[in-house]
Amino acid sequence: DAKTTQPTSMDCAEGRAANLPCNHSTISGNEYVYWYRQIHSQGPQYIIHGLKNNETNEMASLIITEDRKSSTLILPHATLRDTAVYYCIVSSYGQNFVFGPGTRLSVLP
Amino acid sequence: DTGVSQDPRHKITKRGQNVTFRCDPISEHNRLYWYRQTLGQGPEFLTYFQNEAQLEKSRLLSDRFSAERPKGSFSTLEIQRTEQGDSAMYLCASSRTTEGNEQFFGPGTRLTVL
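Chains as they are written, first to last, in the working numbering: chain A, 1124 to 1232; chain B, 595 to 708.
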């Protein structure tokens, strides 16, 4: 079973920030938080990952709470092309990924 | 394009036939993973290799499934005596052998068993 809990679906207006939450209350000290997204019929696309500190790259920002029991993926200016299923995964070094059902994000015009 | 390629992209076969899929990972990546994804579900882990060694197999990988990575580069996944329940997207991913290593996924092979 997946170690994460995400809302089933979310809507976001185009141009606004999309904030996708993820709960991982049983995360271990050596486990990273990874975010991927999947657009229909394509392979999952890596977005960002982190261990303890907040992370930012050209696609998104990852905010991890101090106790590491939850995190938020932020897409700063959502576009229609960001409509996808977003997966939050917790995994340690050498482990395979266990995907849950993810959050279906719909960016609305 | 992540640099991971899979062939074929689509395969239609009749029940009982054997099928083989190929995955070419990013060249410097030691690890190669296979996942299966059915409609409306997240990907499910099947097996992974570090170089040519198959280090882990899921219980989902029945004895009709076999995977190889003979020279530590490309990998093949074979399904013998296909069943309708094998219809799914088969995804390959690769990664480096470093802590926090992200996996990069290929486009997948969609299998339809009639």
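Here a beta-carbon is modelled for each residue, glycine too, at the ideal position from N, C-alpha and C.
- Contact of residue 659 of chain B with chain A is not assigned, every C-beta pair being separated by 8 Å or more.
- Bridge partners of residue 673 of chain B according to DSSP: B:613 and B:659.
- Contact with chain B is found for residue 1155 of chain A, since one of that chain's Cβ atoms lies less than 8 Å from the residue's Cβ.
- Residue 627 of chain B counts as buried, since at least 16 other C-beta atoms from the protein chains shown sit within 10 angstroms of its C-beta.
- Taking the Cα positions, residue 1147 of chain A is about 12 Å away from residue 1124 of chain A.
- With at least 16 other beta carbons inside 10 angstroms of its own, residue 695 of chain B counts as buried.
- With at least 16 other beta carbons inside 10 angstroms of its own, residue 680 of chain B counts as buried.
- In the structure shown, residue 640 of chain B adopts extended strand secondary structure according to DSSP, grouped into three states.
- Residue 1228 of chain A: member of the beta strand (DSSP E) spanning 1226 to 1231, first to last residue.
- Residue 1219 of chain A has a beta carbon lying within less than 8 Å of a beta carbon in chain B.
- From the listed residues A:1162, A:1195 and A:1225, the smallest Cα separation to residue 700 of chain B is found for A:1162.
- With respect to the 8 Å criterion, residue 705 of chain B and residue 609 of chain B are not classified as neighbours on the basis of their beta carbons.
- Pairing residue 1204 of chain A with residue 1132 of chain A gives a Cβ-Cβ distance that is not under 8 Å.
- Contacts with chain B at 8 Å (Cβ-Cβ) do not include residue 1152 of chain A.
- Residue B:697 holds the alpha-carbon nearest to the alpha-carbon of residue 622 of chain B among B:697, B:653 and B:702.
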